[in-house]
Each structure stands twice: as C-alpha cells, then as structure tokens.
Amino acid sequence: MDRRTVALIPAGILLIISLCGFAFGEVKLRIDHPLIDLSETVHRTESGNDGTMQAERAGERTDISDSLTDHEEAGADNDAMLPVVLTVRVREQTVYLDEVLYGKPDALIRRLTHVREQMLAESVSGQDNGTPFRLVLTDAYADYQTYMETRAALIRAGFDFTEETED
Amino acid sequence: MNREGSGTAWRTGSRRLCAVAALLCVTMLLSGFSLSSNVTLDPERNRIYREVSAEEMIKALADNEALAEKTYDGQYLAIRGIVKEVSGNGRTVTVAPYKEQKGDASVRVGFYDEALRADAAGFVPGDPVCVCGRASFSRLPSASLNVTGQKIERATGTGASGAAGIFRFLNGERVDAQALEKRSSQNREVIWTIPGQWKRVETVTDDYRLYRLNELPGAQKSEPEQLYVFYFDNEKYLLDLNDRTRTTEIEKAIIKNILPNEKIGFGRFPKRRDVYGHAFHYYDTGYGGYHAEFAFTPDQDNGIFCLLYIYETSDHLDDILMLMRLLEFRG
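If you're matching them up, the sequences are chains A and B in order. Under our numbering, the first residue of the first sequence carries the number 305, and numbering increases by one thereafter. Under our numbering, the first residue of the second sequence carries the number 2, and numbering increases by one thereafter.
Structure below.
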C-alpha cells in the first residue's frame, strides 16, 4: 500500500460515516406543529406594582397569583377534591358543560370547538366575529391539577376566557 | 530535475499529510463523544446518595447474597454507622453497624484521594460516621460489599439510618423522597417526582409539562428558569415506526422540531453519561439569549423521556438532579 493511499484512509473513514447518516435519512415526525412552542412559553415574568407575579399570555394579561392566594386564604388545600365548574356564557345565558368532561381536556376542547362552530353557523350576520360566547373558568370545588390542565388546554386551543374564583 | 530530491520531499510531505489527516479525524470523532464539563444537567455536578445503614447492608448480604448484589452493586450510597477501624493513614475505613452485634461483619470503604484520606485519618474507632461512595459487590475471596469513598463526615444524632427514602447530596443537603409529588407520562410508563411547591408553577398540556421555576414563591425572578418535561412516544409521534431504534436521529428530530433554525453539525452529537441506571444524552444550545439544554434518556424502543431546561441562572438545579435521580421506567 503506497503512502498516498494511507493518507487517504482517514478521509475515507469520515466519508463512510457521513454517508451512513445520509443513507438512512432523517427521522420524520407525524406532527406538523412544534412539540413545544417556545415563542409562546419562554418569556420574562414581570412583577406588577403591587408585587404580584403576572405572566403574559398571548397579549392578554392574567394575574394568576391572586387566584392562588384566594385559594390559600379560603383555607383550601390544593389537593382537596373540589369540582370544576366551567361555564359557557352564551350572551345572557349560562350553559353548564357535562360533568363527564371534567378532567378530560381533549374532550372538553372538542366540545367547545363544536359549540363555537355551531353558533357561528347559526349566526345570521356573523357579527360575533368568531367569539360567540364568553368562556369563564371557575375553580369552585376544583382539583388543582384538573383546573390547571383545563386552563392549559384552553390556552393551547386558542380560546379566550376569564378566570373567576368562587367564595 | 533532481528526481531523487523530489522523491524525498514527497515522502516527507506524505507522512505529514497522514499525521494531520489522522489527527483531524480522531479529533472530529472524539469531539462528538466527549464528556463535556459544560453540561449543566450533569448528575456528577452534585451526586445524590441513598441513605442506608451499615446494619442494613450487612444483614442483606448475610440473608441473600444475590439480592444484596442486585440491590447495592454500583449504587451511590450514604452509609451510616460507627467507625470500627481506620488503617493505612486513612486509606481504609471499616464501618460497623451502630448496634453491636455478633461477628465482625462490616463495610470496608477505600479512599483513593489524598484529601479524603486526610479526612478519614481524623476519625477513631467508635465515631459515628456517614460515608458517601459507590458500592461494589465482590465474591472473592468471599461475598462482600466494598465502597469507593467520595466523602466522609461525622454523623449527627445516633448515627443510625433515618427513615427509608432519604437521599443526600454530596453538599450535605438531604431530601425525603416520600415527601415529593409523583407525576407520570400519559402512557404511565415513566414516573418522575417534583417538589411539592412545583405544583404552583406547573402547566400541563397534551404534549408536555412546564415548570416555571423562576416563579416559585420566595425565589421569584423575571428572567426565565423553565423546565419542560415530556415523553416522546414513538408510536404517537414517529411517521415511520421502523425508525424507533434510531435514537440519536430521533433526538435530532426532536431538537429540530422545537428549534427549527438549529444547525446540528457533523460531530456535534448529544453527549452521554451513564448514571443511576439511565444513559442521558445531552444537547446544549441557546434560545432567546438564554441557555437551553436537552437531556434525553431512552425508554427502550418505546420512546424517549426528555427534559428541556431553559435558564439564565440554574438556581433549582439540585431539584432537577433529584428528578433525574428518581426517574423510574415501568417497562
């Protein structure tokens, strides 16, 4: 084996390793969205003037610390079993969703999406502009984890809503 | 033209070319597999030891050698007992159970570091002690458990072990695993634990859980310190299930899915450690001016457990290391 060949062996090894990666190709994922949308979730947490922590959310500020503080002041343990009440206020009417949807954020979002589409279809003038109802998330009798799972699912699905805590 | 002179020059040049090419190849190959000290989620930054008494270890060995080997071999333990003997100017410390018992069964701890030997030499028989180290089981000349010591300190209290599930950091901090909250992946195959106060800053979505650590009470900062925990289920996310054994390529796909502009160049493979029974693959980069570090550990061919840590300062690193320590796969 001459010296030129010996000199080329390391380069040849590198080339083979590179080609192996290309030969099998990249792994493709089934999803067409980011597993984590960092642009929505990584952000500075700003302190309000009164010292409460506020988190930016899609341009809408939601003061989450007060609702947690109310939870504490009411003497409620975060682990206490309190039912979630999710109300959909349709104009002046309040609609309560089935209890079967509690703790099942995926099913909840499908139901809300269906309701919204139905109401938009029924609207004659379309004046609701895609927001035909007011969504209120309340934590009366809420299991903390279920409440937060529901809240996160609503955010991801793009529903605007307000949060109310019951006395 | 002097043919002999040109031949000599070519031989000299080709040798140099071989040497340079070989050096370049070795460097490029090794750079991908180097165990970089820049990894933040590195368990060796603050190793965690499970507290156990010398009595418990000795009894386990006497009752069932095979089970003792399975339980303790390779484990990082904080062994509590009393000093029976110090020999070799601190090279070896023999730790006996706190309660006197028949026989001379004990746990031998060897120190291979000069500073540790100096510490060990300061102990005398009868001192209550806690030794942190890695245990190894040996059958020769007879079944025994030996420990490579990494820290020795005087034990407080009676020297006996506390309740089960107590873990100790190398820096002395103790954590009761039974006080931690358990979480699981959607398929319930992976279980991890979090401190109770993390519940307040936990966001749950279909694909991941987010812990906004910079918003924890008493440690609030404006700059983000966030930990994303998610399980990449191969059946749910892979387009071609035949790719499920290509762990490195899947990890690259995950990184590119979350960071589409990331350039994962040749040689920049995720770095690896085998700790606590899990092999973690790391990938460190940046996002929005903050550090961003991925830590992957495969769940056989079923999926990959992933951590993504985004931070400016890693104030809650010990809690994350404890999460990695207690990670459990049910498969």
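Beta carbons: idealized from backbone N, C-alpha and C, even for Gly. Source: prediction; values computed, not measured.
| Check | Outcome |
| --- | --- |
| The beta strand (DSSP E) enclosing B/L328, as first and last residue numbers | That residue, B/L328, is in no beta strand (DSSP E); it is neither H nor E in DSSP. |
| Minimum Cβ-Cβ distance from B/L42 to chain A less than 8 Å | no |
| Within 8 Å of chain A by C-beta, residues of the stretch 205-229 of chain B in sequence order | V205, T206, D207, D208, Y209, L211, R213, N215, E216, Q221, K222, S223, E224, P225, Q227, Y229 |
| Contact with chain A by B/I255, beta-carbon distance below 8 Å | yes |
| C-alpha gap between B/R51 and B/F330, whole angstroms | 18 Å |
| B/E86 at chain A interface by Cβ criterion, 8 Å | no |
| Contacting residues, own chain, Cβ-Cβ under 6 Å from A/T366 (five flanking each side not counted) | Reliability fails at A/T366, whose pLDDT of 28 lies under 50, so the model's placement of it is uncertain and the value that follows must be treated cautiously. Here the set comprises nothing. |
| Spatial neighbours of B/R169 in its chain, beta-carbon cut-off 6 Å, leaving aside the 5 residues before and after | Y50, E52, A79, R175 |
| Helix, strand or coil at B/K100 [DSSP, three-state] | coil |
| Contained beta strand (DSSP E) runs [length at least 3] in the stretch 64-89 of chain B, N- to C-terminal order | 77-88 |
| Short CB-CB distance (under 8 Å) between A/L458 and chain B | no |
| Own chain residues within Cβ distance below 8 Å of B/T194, not counting five before or after | A178, L181, E182, K183, R184, M323, L324, L327 |
| Closer than 8 Å to chain B by CB, A/T345 | yes |
| Exposure label - B/V202; buried when at least 16 CB within 10 Å | buried |
| Identity of the residue in B/I305, B/A293, B/S54 nearest B/P166 by Cα | In the sequence as displayed, the identity of residue 166 of chain B is Gly instead of Pro. Nearest C-alpha to B/G166: B/S54. |
| Coil, strand or helix - B/L141 by DSSP | coil |
| Cutoff 8 Å; reference B/P225; Cβ partners in own chain excluding five residues on either side | R213, N215, Y291, I311, Y312, E313 |
| B/A254 in three-state terms, based on DSSP | helix |
| Min CB distance B/F1 to chain A below 8 Å | Nothing can be reported for residue 1 of chain B: it is not among the residues displayed for chain B, which extend from 2 to 332. |
| Per-residue DSSP class, three states only, for B/A280 | strand |
| Proximal residues of chain A, C-beta to C-beta of B/G289 below 8 Å | L342, V346 |
| Beta-carbon contacts of B/A69 that lie in its chain and below 6 Å, excluding the five residues immediately before and after | A61, L62 |
| Touch test, the stretch 143-150 of chain B against the stretch 278-293 of chain B, Cβ-Cβ under 8 Å, three pairs minimum | no |
| Cutoff 6 Å; reference A/D381; Cβ partners in own chain excluding five residues on either side | Residue confidence is low: A/D381 scores 35 on pLDDT, short of 50, so the model does not pin down where it sits. Its coordinate-derived value is still stated next. Excluding sequence neighbours, A/D381 sits near nothing in its chain. |
| Segment limits, beta strand (DSSP E) that includes B/E294 | 291-300 |
| Contact list for A/R334 against chain B, beta-carbon separation under 8 Å | K237, Y238, L239, L240 |
| Of the residues B/R118, B/E250, B/E57, the one placed nearest B/K100, counting alpha carbons only | B/E57 |
| Enclosing beta strand (DSSP E) for B/D234 [first to last residue] | 226-234 |
| Spatial distance of A/D346 from A/I340 (CA atoms) | One detail in the question is off: residue 346 of chain A reads as Val in this sequence, not Asp. Roughly 10 Å between the two C-alpha positions. |
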